[in-house]
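Using this note's numbering, the first residue of the sequence shown is number 21, and each one after it goes up by one.
Backbone N, C-alpha and C define an ideal beta-carbon position, used for all residues, glycine too.
Since we're looking at a predicted model, the values are computed, not measured.
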Amino acid sequence: MKKMNIHIGLCLIVCLLPNLVLGENAKEEFFRIERSKKNNVDLRISSVGGFGLNKGTVGHIDLSYIESVDNGDALVLDLGGGVSVRAGVTFFLGMGFSLGYNWDNSDYISAYYPEIGMVAQLTKTFGVIATGRRYSNLYHSADDENIVMLGLLFSSYQ
Numbered sequence: 021m022k023k024m025n026i027h028i029g030l031c032l033i034v035c036l037l038p039n040l041v042l043g044e045n046a047k048e049e050f051f052r053i054e055r056s057k058k059n060n061v062d063l064r065i066s067s068v069g070g071f072g073l074n075k076g077t078v079g080h081i082d083l084s085y086i087e088s089v090d091n092g093d094a095l096v097l098d099l100g101g102g103v104s105v106r107a108g109v110t111f112f113l114g115m116g117f118s119l120g121y122n123w124d125n126s127d128y129i130s131a132y133y134p135e136i137g138m139v140a141q142l143t144k145t146f147g148v149i150a151t152g153r154r155y156s157n158l159y160h161s162a163d164d165e166n167i168v169m170l171g172l173l174f175s176s177y178q
């Protein structure tokens, strides 16, 4: 099962890489801070990282800390990308992959997730973001975990 998740993750990274590498072509780049609400299995995710929008695409790279009462704590790297539509606020749909280490169980973890979200820029340098993710195979579980993330976006206006 671990090898299959790693293969799926590598395929997702290859497919999403054009959206992840926003680089100099990004129209809007943000520093993102997010935190999830605790769900029914006491799972909480906190993350910091980069988020970018460019001509109907989105991409993100985050460092996340996962707190789980049942499975222990972990530090993971999240990569993702997808498509976006601007209609006053920006709506997006994407896929992501997480790879990290759970030090409580001395084990590597990986997961993949579809993501849907909304970005609202309140000023040129500040915005809010809300996302919903459905993690598959997080902590080697057969059950999927639904996570709602709320966060802040900061940008340097140029």
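Range of the contiguous beta strand (DSSP E) that encloses residue i
{"i": "Asn-74", "result": "63-74"}
{"i": "Val-78", "result": "77-88"}
Sequence-distant residues of the same chain with beta carbon closer than 6 Å to residue i, five excluded per side
{"i": "Leu-158", "result": "Ala-131, Glu-165"}
{"i": "Glu-48", "result": "Leu-73"}
{"i": "Phe-112", "result": "Val-78, Gly-102, Ser-104, Gly-137"}
{"i": "Phe-50", "result": "Phe-71, Leu-173, Ser-175"}
Which of helix, strand or coil DSSP assigns to residue i
{"i": "Leu-158", "result": "helix"}
{"i": "Ser-176", "result": "coil"}
{"i": "Leu-97", "result": "strand"}
{"i": "Gly-92", "result": "coil"}
{"i": "Gly-108", "result": "coil"}
Which residues DSSP lists as bridging residue i, in chain order
{"i": "Asn-125", "result": "Looking at the DSSP assignment, Asn-125 forms no beta bridge with any residue, so it has no partner."}
{"i": "Thr-151", "result": "Gly-137, Met-169"}
{"i": "Leu-142", "result": "BP columns for Leu-142 are empty, so no partner."}
{"i": "Gly-102", "result": "Val-78, Gly-114"}
Rounded straight-line distance, which links the Cα of residue j to that of residue i
{"i": "Phe-174", "j": "Ile-65", "result": "20 Å"}
{"i": "His-160", "j": "Asn-91", "result": "10 Å"}
{"i": "Ile-81", "j": "Ser-88", "result": "22 Å"}
{"i": "Gly-171", "j": "Asn-60", "result": "20 Å"}
{"i": "Leu-119", "j": "Thr-110", "result": "27 Å"}
{"i": "Tyr-121", "j": "Ile-167", "result": "19 Å"}
{"i": "Gln-141", "j": "Arg-154", "result": "25 Å"}
{"i": "Ser-56", "j": "Met-169", "result": "4 Å"}
{"i": "Val-148", "j": "Arg-106", "result": "15 Å"}
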